[in-house]
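Chemist: Heads up: take any position in the sequence shown, counting from 1, add 6, and you land on this note's numbering. Every residue, glycine too, gets a C-beta built ideally from N, C-alpha and C. The structure is given below, and queries will be raised subsequently.
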Amino acid sequence: MNIAIVGSGYVGLVTGACFAEIGVSVTCVDVDSNKIKMLEQGEIPIYEPGLKELVLKNRKAGRLDFTTSLESVLDKVQVVFSAVGTPPDEDGSADLKYVLQVARTIGRNISDYKLVVTKSTVPVGTARKVRAAIKEELDKRGVDVDFDVASNPEFLKEGNAISDFMSPDRVVVGVESERAKELMTKLYKPFLINNFRVIFMDIPSAEMTKYAANSMLATRISFMNDIANLCELVGADVNMVRNGIGADTRIGRKFLYAGCGYGGSCFPKDVKALIRTAELNGYDMTVLKAVEAVNERQKSVLFEKLGKAWDHRWADKTVALWGLAFKPETDDMREAPSLVLISKLIEAGCAVRVYDPEAMNECHRRLGDAVYYAQDMYDAVLDSDALLLVTEWKEFRLPAWAVVKKAMRGHLIIDGRNVYDPGEVKDAGFEYHCIGK
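The structure is reproduced here in structure tokens:
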């Protein structure tokens with residue numbers, strides 16, 4: 007089978023590499039000529055474990071190609087995946103201009119049947135707009151070419167995307183015809199040969215499923231952060247509370263970790279978009295508005311803890327941050343709590359020293375020389391008055407506390423992810439604070 011994937015960002019590139027791995031001939035399309043040149047030269051514009059190796063392997067095998075021209079490949083493919091960006095508008099709604107541009111390009115150029123699959127996260131009703139845009143262009147040409155649209159939202163976790171795609175817990179597909187269903191079944195069956203878990207449904211339900219899933223996960227995070235903040239006030243331990251409620255099989259243990267807020271490309275954008283979709287349909291998503299508000303507040307919790315510990319005396323203070331990416335195993339800093347924290351620290355007059363295993367270049371792109379970029383985690387704490395753990399990278403989990411103590415000027419540790427053992431840190435001579443205790 008031959009397919010095209012439009013958009014070579016995180017979703018498009020992972021999707022293309024994984025489909026190529028099981029023998030599909032894939033052409034990844036992107037309007038960014040510099041990105042395409044990088045990919046053709048074996049350079050990967052994003053960090054995702056295992057992705058570079060997969061791209062290079064399938065590029066060498068001739069199953070994975072790259073181009074800037076969708077028009078040039080339409081005659082060769084049966085399925086076109088649209089994985090372009092849907093950035094939020096000022097009102098929080100998803101901007102569909104790139105999705106509709108792809109649809110119009112398809113309508114202007116197809117000469118035989120195509121299945122057009124939306125992979126991007128899009129609001130309910132987008133498939134209808136895609137169909138209308140393709141049909142409008144066909145009508146302008148005065149031709150009648152058969153096509154189908156489908157919805158196939160992605161559920162990839164950054165840092166674990168290859169495994170998620172190659173062995174998914176479910177594949178959600180929204181279709182309108184048996185022909186489309188048969189094509190999507192054929193395409194996904196190699197991934198699910200032992201346990202066929204494709205869930206077919208109508209297109210609006212598939213579109214809604216992605217938003218509902220991410221919003222549910224975001225809700226669990228904000229709920230636990232709210233509980234953690236209350237635990238501190240009443241003398242409870244949020245880790246014990248998490249174990250207690252997570253043992254209930256109706257609740258489960260996943261996404262119940264308190265911290266300094268969620269970020270990334272999905273949760274913040276999708277929560278906003280679902281709230282906006284509800285508003286456009288005359289409904290108020292009260293719970294999700296609270297989820298969003300709690301998360302924005304939680305991004306300031308480390309700064310507030312630091313201010314309380316120092317009695318808000320910020321003069322001549324240096325703060326070290328371990329972690330910049332919104333989560334481990336990625337260089338993604340979109341909506342990252344670290345950005346809010348750094349902004350507040352600089353505004354308060356602090357010098358900031360940062361280290362992250364993968365996100366240093368991304369941080370420099372965003373912040374320039376506003377912070378000191380350390381060579382490693384121990385360089386970051388040199389002469390600092392406080393150390394704040396922001397992202398729970400594995401290499402931060404067992405630091406040499408004696409080295410940290412010797413390097414630091416102060417003795418304050420604020421654990422934004424509840425990674426460390428309080429007794430161990432205190433025994434090493436530090437003042438220790440975390441979330442929800």
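At what residue ranges does the stretch 206–266 contain a whole run of the beta strand (DSSP E), taking only runs of 3 or more?
Modeler: none
Chemist: From which residue to which residue does the alpha helix (DSSP H) around residue 417 run?
Modeler: Here residue 417 refers to the residue found at position 411 of the sequence shown. Residue 417 -> no alpha helix (DSSP H), and no H or E assigned at all.
Chemist: With distances taken between CB atoms, is the gap from residue 13 to residue 89 smaller than 7 Å?
Modeler: Translated into the one-based positions of the sequence shown, residue 13 becomes position 7. Translated into the one-based positions of the sequence shown, residue 89 becomes position 83. Cβ distance < 7 Å, so residue 13 and residue 89 count as in contact.
Chemist: On the criterion of 16 or more Cβ atoms from any shown chain inside 10 Å, does residue 175 qualify as buried, or is it exposed?
Modeler: Taking the first residue of the sequence shown as position 1, residue 175 is located at position 169. That one is exposed.
Chemist: What is the residue span of the beta strand (DSSP E) that residue 120 lies within?
Modeler: The residue given as residue 120 occupies position 114 in the sequence shown. Element bounds for residue 120: 120–124.
Chemist: Check residue 319 in the structure and name its three-state DSSP category.
Modeler: Position 313 of the sequence shown holds residue 319. Residue 319: coil per DSSP, three-state reduction.
Chemist: Tell me whether residue 80 sits in a helix, a strand or coil according to DSSP, three-state version.
Modeler: By 1-based counting over the sequence shown, the position of residue 80 is 74. Here residue 80 carries a helix assignment [DSSP, helix/strand/coil].
Chemist: Spell out the partners DSSP gives residue 328 in its beta bridges.
Modeler: Numbered from its first residue, the sequence shown carries residue 328 at position 322. Answer is 361 and 395.
Chemist: Sorted by chain position, which residues of the same chain lie with C-beta nearer than 8 Å to residue 425's C-beta, five sequence neighbours on each side aside?
Modeler: Within the sequence shown, numbered from 1, the residue matching residue 425 stands at position 419. Answer for residue 425: 395, 398, 402 and 403, listed in chain order.
Chemist: So residue 28 packs on residue 159, CB below 8 Å; how close in whole Å?
Modeler: Walking along the sequence shown from the start, residue 28 turns up at place 22. Walking along the sequence shown from the start, residue 159 turns up at place 153. No, residue 28 and residue 159 are not in contact; Cβ-Cβ is about 20 Å, not under 8 Å.
Chemist: By Cβ distance below 7 Å, which residues in the same chain neighbour residue 346 in space, the five residues on each side in sequence not counted?
Modeler: For this step, residue 346 is matched to residue 340 along the sequence shown. Once the five neighbours on either side are set aside, the close Cβ partners of residue 346 are 305 and 306.
Chemist: Would you call residue 146 buried or exposed, if buried means 16 or more other Cβ atoms sit within 10 Å of its Cβ?
Modeler: For the purposes of this step, residue 146 is taken as the residue at position 140 of the sequence shown. Residue environment for residue 146: exposed (fewer than 16 other C-beta atoms within 10 angstroms of its C-beta).
Chemist: Which of helix, strand or coil does DSSP assign to residue 9?
Modeler: In the sequence shown, the residue the question calls residue 9 occupies position 3. Taken through DSSP and simplified to helix, strand or coil, residue 9 comes out as strand.
Chemist: Would a C-beta distance cut-off of 7 Å place residue 431 and residue 419 closer than the cut-off?
Modeler: Within the sequence shown, residue 431 is the residue found at index 425, counting from 1. Within the sequence shown, residue 419 is the residue found at index 413, counting from 1. Taking 7 Å as the Cβ cut-off, residue 431 and residue 419 qualify as a contacting pair.
Chemist: Tell me the residue span of the alpha helix (DSSP H) that contains residue 276.
Modeler: The residue you call residue 276 lines up with position 270 of the sequence shown. In the DSSP annotation of this structure, the continuous segment of the alpha helix (DSSP H) that includes residue 276 starts and ends at 273–286.
Chemist: Going by DSSP in three states, residue 170 sits in which element: helix, strand or coil?
Modeler: Sequence index remark: in the sequence shown, residue 170 carries index 164 (1-based). Here residue 170 sits in helix by DSSP.
Chemist: Which of helix, strand or coil does DSSP assign to residue 102?
Modeler: Within the sequence shown, the letter at position 96 stands for residue 102. In this structure, residue 102 counts as coil in the three-state DSSP scheme.
Chemist: Taking 8 Å as the threshold, find out whether the stretch 339–357 comes into contact with the stretch 265–277 through three or more Cβ pairs.
Modeler: yes
Chemist: DSSP has residue 94 in a bridge; who is on the other side?
Modeler: As a position in the sequence shown, residue 94 is number 88, starting the count at 1. Beta-bridge pairing links residue 94 to 100.
Chemist: So, residue 171 versus residue 20, is the Cβ gap smaller than 7 Å?
Modeler: As a position in the sequence shown, residue 171 is number 165, starting the count at 1. As a position in the sequence shown, residue 20 is number 14, starting the count at 1. Yes; because the gap between Cβ atoms is below 7 Å, this pair is in contact.
Chemist: Can you tell which of 220, 400 and 134 has its C-alpha closest to the C-alpha of residue 122?
Modeler: For this step, residue 122 is matched to residue 116 along the sequence shown. Measuring from the Cα of residue 122, the nearest candidate turns out to be 134.
Chemist: Where residue 340 and residue 201 are concerned, what is the direct C-alpha to C-alpha distance, given to the nearest angstrom?
Modeler: Position 334 of the sequence shown, counted from the start, is the residue given in the question as residue 340. Position 195 of the sequence shown, counted from the start, is the residue given in the question as residue 201. Cα to Cα, the separation comes out at about 35 Å.
Chemist: So the beta strand (DSSP E) residue 34 belongs to, where does it begin and stop?
Modeler: As a working note, residue 34 is residue 28 in the sequence shown. Note, residue 34: beta strand (DSSP E), 31–35.
Chemist: Can you grab the Cα-Cα spacing for the pair residue 255 / residue 308, in whole Å?
Modeler: As a first step, residue 255 must be located in the sequence shown, where it is residue number 249. As a first step, residue 308 must be located in the sequence shown, where it is residue number 302. Using only the alpha carbons, I get a separation of about 32 Å.
Chemist: Just the Cα atoms here: how many angstroms apart are residue 91 and residue 241?
Modeler: Walking along the sequence shown from the start, residue 91 turns up at place 85. Walking along the sequence shown from the start, residue 241 turns up at place 235. Whole-angstrom Cα-Cα distance: 45 Å.
Chemist: For the 8 Å Cβ check, are there 3 or more pairs between the stretch 59–68 and the stretch 233–252?
Modeler: no
Chemist: When burial is assigned at 16 or more other CB atoms within 10 Å of the CB, is residue 335 buried or exposed?
Modeler: By one-based count along the sequence shown, residue 335 stands at place 329. By the 10 Å Cβ count, residue 335 comes out buried.
Chemist: Locate the alpha helix (DSSP H) running through residue 142, then write down its first and last residues.
Modeler: Position 136 of the sequence shown, counted from the first residue, corresponds to residue 142. Residues 132–147.
Chemist: Buried or exposed for residue 69, please, with buried defined as at least 16 other CB atoms from any protein chain shown within 10 angstroms of its CB.
Modeler: Stepping through the sequence shown from its first residue, residue 69 is reached at position 63. Result: buried.
Chemist: Tell me the rounded alpha-carbon separation between residue 331 and residue 323.
Modeler: Position 325 of the sequence shown, counting from 1, holds the residue named residue 331. Position 317 of the sequence shown, counting from 1, holds the residue named residue 323. Straight-line Cα distance between these residues: approximately 23 Å.
Chemist: Return the CA-CA distance between residue 41 and residue 57, expressed in angstroms with no decimal places.
Modeler: Position 35 of the sequence shown holds residue 41. Position 51 of the sequence shown holds residue 57. Using only the alpha carbons, I get a separation of about 15 Å.
Chemist: State buried or exposed for residue 59, treating a residue as buried only when at least 16 other CB atoms are found within 10 Å of its CB.
Modeler: Along the sequence shown, read from residue 1 onward, the residue named residue 59 stands at position 53. Counting Cβ neighbours within 10 Å, residue 59 comes out exposed, since fewer than 16 surround it.
Chemist: In this structure, how does DSSP classify residue 194 when only helix, strand and coil are distinguished?
Modeler: As a working note, residue 194 is residue 188 in the sequence shown. Helix.
Chemist: What distance in whole Å lies between the Cβ atoms of residue 434 and residue 408, which are believed to be in contact at a cut-off of 8 Å?
Modeler: Along the sequence shown, read from residue 1 onward, the residue named residue 408 stands at position 402. Along the sequence shown, read from residue 1 onward, the residue named residue 434 stands at position 428. Between residue 434 and residue 408 the Cβ distance is about 7 Å, and since that is below 8 Å, they are a contact.
Chemist: Can the beta-carbon of residue 224 be found less than 7 Å from the beta-carbon of residue 151?
Modeler: By one-based count along the sequence shown, residue 224 stands at place 218. By one-based count along the sequence shown, residue 151 stands at place 145. Taking 7 Å as the Cβ cut-off, residue 224 and residue 151 do not qualify as a contacting pair.
Chemist: Measuring straight from C-alpha to C-alpha, what distance separates residue 294 and residue 368?
Modeler: Residue mapping note: residue 294 aligns to position 288 of the sequence shown, counting from 1. Residue mapping note: residue 368 aligns to position 362 of the sequence shown, counting from 1. So the two alpha carbons sit approximately 29 Å from each other.
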